[in-house]
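Here the structure is laid out as structure tokens; the discussion comes afterwards.
Protein chains in written order, with the numbering used here: chain A, 1 to 849; chain B, 850 to 1139.
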């Protein structure tokens, strides 16, 4: 056996950094524990370079799939970097059997406790639990009284565990609100097997897919329909767990929805889609219970649809976990669990909480007072949050006398909401760093779900390195995570992943094709912002080239200036603003358009918006398509270079930026299914292009320029509209106004002409449902018809001959005025996301004495 | 006393409300102190669906779905109710507030959780150390719970100024305490925070009060408003109502609509609206002897 133990250097270094306490890898004699041997021998076979390279690949892969990356965070403050270690935590089969049984028992216990507390409350009446523990907990939601017990039981439970210095496992926190970051565990496993699948296979560790399959089929059964439309309700992209929500939704084939996408009516909840309201059969809740319904629950902040509790009263199985389930996360329950297990289950509790005291109780308070220096004071209810984000609690040792006194008075007043905890110490397990293994303390989150045959634990989990001096909970501000492997006695079956659904579940997957109104809105703006970025970069490129090529002082610069200036204005710009912009020198003007000022259409702002909406609509885009836009992410080297570059370097950057947009458009054109999403994206692009073209034409030709400027303006316009070659091949003449107008206004075969954009928009709009209200056209149809007709009826030769260009001006002004109205009309009709978000209205009592 | 109560609320929106949902507490409950003889509720526009039920505190609630676009929303609740006068009591003889545990946490007995729940703090009634110190001056050791609560009520009446401009619906009690100003709702919340700091069971009550015009002047139509006070529990009296805004123990001139931990639990009308822009509310309350 000893011959398979890896490089003595690896373990020697590890042994030397041993500090006592329980070690996961080595037993008391310093011999590796048996269940680590297969992993160690595989690891030992690898060269130092290979190990280092794999650690780097893990890092890169984590960035690529974006685990826990907060897209909208300030890029200069990257406090939390998710890291995944090459070395997992490994459980032997025997230990896992025991742990799984213990976790299942806890899930059963919490299920029973919830059913009682939201039902008859015998536990409170008979004195098994102090009523003030429950009634002081803001996670106890009275509106759900009597509703939760009909919900069909707790579906998801997770526990954070630590092994104390004595070798005993203890639970340091319980999670019963949502999936508790199971998506992070899954993503970690995906990344780890991508990079180190050989190590995993050699260890004969259990795969996760079977667990998620049984979770999926249990939820389908729970919904009561074979082809159920199941939605995962998330607070949205601003939430720190959004990655996990999006990842789980995609993996399980569920719709990812936000509260604003849903509407309740009677006992049903509906998804707002382009095709109208679609009934949802089951909601996997990833929003806090308290925030699930602004009508009956917390009025101060909400993520769920109004009326959800009332809907659950009629259809109690609609939401999992049932709203209100977070109550059992209360840390104060810990000391009561052994007695509750005997009372409710008739069993001894297999796995206890770490020692803690609920401070609402006078006797406990007295006890805590005596041992004050050894304890940490924490909130009894903290909410589930992302793994590793638990608050640290107040360490009494580091306090001044005055602070301790204040804390004691706070405890006397608000003890019902506080607990005192003993520090338990943590066992150590190896991490790979700088070419060697070092022991680091850790805690682990394990997940349980209810399946057709009762509760089952996920054969895996999420482990994190923690700071034992400061933490009792899973607090890991540095985000250093580890995969969790459970070894099997049995041979592992074929690799099954839910990414490739078996035929019988393919029908379920199709529900993903429903387009929520909110996602449609994101796609529409993705089309608009991409096109806006494209146009802005073209204007900048053409302008800078005219400077760089230095064809004499006036070679088209005035025309270019006009196009630059107009992009810095909007409908709110005053004459003073415009004069200030006109006074800028050329470099300053370009600089301003790239990055400066308050203007709403600066390139930097547009690119940030491109990235943001692309991120929000990410589950509708292919991975490749999304990656083409990655250089627009704030903080990306390209984006940083653009915001600091000297004018000479900007041209290259613009070429790269334009290439990204082209690549994105090309991928969308080649790969995107021609469904409503495609129509919407294309409509956004067409509308923006039509607007930019009309605006530039108005700037360049009204008032009518003199002959020399007309020539340079026509050249610029052909260049911006990418139609110079078309023009040359068609006419072999210097640009003439009538011919250019024909090509760029009227020619419906030129994909860069105004009429082409409008016609394409109109065709796409016709593919969307509901074109009529009764017998009359809807606003959006009416507007596009007016715009298209007006262009089609134009007589370019007459227009080009007018000395003051009145007809051209009227024509273009009409476009510029109506196109934004068209955008609003489409938004109102299909997205229903006007500025009118739901809001809550109250009034108060004011009776004077 | 027989009282007729009319409570009319009129919302006007600057742009149409496309759809709305409302949770309302406008139907008074019958208690040991009042018997509701007749009640009607007019809602315009008529809701598409309406759910009527009892909430976790025993109050009547209704949940309304309004699905027609509207710019005006009217709720008119009318109630005929018989209230009973308070019979004389020896307040000092109620159980001392610091000895309530024997009644509320009986060893081996049934815990009266319907009372115990009101010992706990809520979002709008969380006391600070300062508020606890203020409360301790009324809740002196061994003092009867109702006697102490009445003392607290009278202190608030004496020391706090009614000022509807000093606070709004979201002003926390700490500001009310700091400035000693507010409206009936603020005084009720402040008194509740004091009681809960001492772990005395106390609940928020919303309702109406009979007002009398100044001598020689006629009663003005719709001049009243909805009112709020608190109710404190003792084993001898059960729930005993105190009105810090008026500095009195509640007798038969108050009509209770609903009770809860604080205003959040009993807000007369709350709603989630889609659309509507700004809104403007007018409320007319009339309480007249029948």
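No residue lacks a Cβ here, since even glycine has one placed at the ideal position from N, Cα and C.
- Taking C-beta separations shorter than 7 Å and ignoring five residues to either side along the sequence, the partners of residue 364 of chain A in its chain run 357, 358, following chain order.
- The beta-bridge partner set that DSSP reports for residue 537 of chain A is empty.
- Taking the Cα of residue 874 of chain B as reference, the smallest distance to any Cα among B:1013, B:887, B:861, B:856 is reached at B:856.
- Going by C-alpha positions, residue 215 of chain A is about 26 Å away from residue 352 of chain A.
- Closest in C-alpha terms to residue 879 of chain B, from the list B:1074, B:1030, B:977, B:929, comes B:929.
- Nearest to residue 186 of chain A by alpha-carbon distance, out of A:50, A:458, A:825, is A:458.
- Boundaries of the alpha helix (DSSP H) around residue 1008 of chain B: 994-1008.
- In terms of Cβ geometry, residue 184 of chain A and residue 247 of chain A form a close pair [threshold 9 Å].
- Within its own chain, the residues whose Cβ lies closer than 6 Å to the Cβ of residue 322 of chain A, once the five positions on either side in sequence are excluded, are 148, 151, listed in chain order.
- Nearest to residue 543 of chain A by alpha-carbon distance, out of A:94, A:563, A:524, is A:563.
- Along the region 1024-1046 of chain B, the positions whose C-beta sits under 8 Å from a C-beta of chain A are 1032, 1033, 1034, 1046, read in chain order.
- Closer than 7 Å at the C-beta level to chain B, one finds these residues of the region 285-314 of chain A: 294, 295, 296, 299, 306, 307, 310.
- Taking residue 941 of chain B as the centre and dropping the five residues before and after it, the same chain places the C-beta of 993, 996 closer than 7 Å to its C-beta, in chain order.
- Residue state for residue 192 of chain A is assigned as helix, using DSSP reduced to three classes.
- Note that the C-beta distance between residue 1016 of chain B and residue 1024 of chain B is below 9 Å.
- In the DSSP assignment, the residues bridged to residue 174 of chain A are A:159.
- The three-state secondary structure of residue 1015 of chain B, taken from DSSP, is coil.
- Sixteen is the threshold: when 16 or more other Cβ atoms of the shown chains lie within 10 Å of the Cβ of residue 175 of chain A, as they do, the residue is buried.
- For residue 906 of chain B, at least one C-beta of chain A is nearer than 9 Å to its own C-beta.
- With respect to the C-alpha of residue 412 of chain A, the residue from A:448, A:731, A:369 having the closest C-alpha is A:369.
- In this structure, the straight-line span from the alpha carbon of residue 1019 of chain B to that of residue 20 of chain A is close to 55 Å.
- Shortest Cα-Cα distance from residue 810 of chain A to any of A:730, A:694, A:761, A:328 involves A:694.
- Under the 9 Å criterion on CB atoms, residue 959 of chain B is classed as interfacial with respect to chain A.
- Of the candidates B:909, B:927, B:883, B:886, B:927 places its Cα closest to the Cα of residue 892 of chain B.
- Taking the C-beta atoms as reference points, residue 110 of chain A is found no nearer than 9 Å to residue 35 of chain A.
- In this chain, the alpha helix (DSSP H) harbouring residue 789 of chain A covers 779-792.
- Take residue 575 of chain A, set aside five residues on each side of it, and no residue of its chain has a beta-carbon closer than 6 Å to its own.
- Inclusion of residue 390 of chain A and residue 473 of chain A in the CB contact set at 9 Å is warranted, their separation being smaller than that value.
- Closest in C-alpha terms to residue 63 of chain A, from the list A:636, A:469, A:146, comes A:636.
- Annotation for residue 278 of chain A: the continuous beta strand (DSSP E) segment containing it runs 276-279.
- Note that the region 694-710 of chain A does not touch the region 724-731 of chain A; fewer than 3 beta-carbon pairs, one per stretch, sit closer than 8 Å.
- Excluding residues up to 5 positions away in sequence, 678 lie with their Cβ nearer than 6 Å to the Cβ of residue 672 of chain A in the same chain.
- Its chain contains 214, 218 as the residues whose beta carbon lies nearer than 6 Å to that of residue 451 of chain A, once the 5 sequence neighbours on both sides are disregarded; these appear in chain order.
- With a cutoff of 9 Å on beta-carbon distance, residue 658 of chain A and residue 541 of chain A are scored as near each other.
- Across the structure, residue 484 of chain A and residue 125 of chain A are spaced so that their CA atoms are roughly 42 Å apart.
- In chain order, 121, 124, 125, 131 make up the part of chain A whose C-beta sits under 7 Å from the C-beta of residue 962 of chain B.
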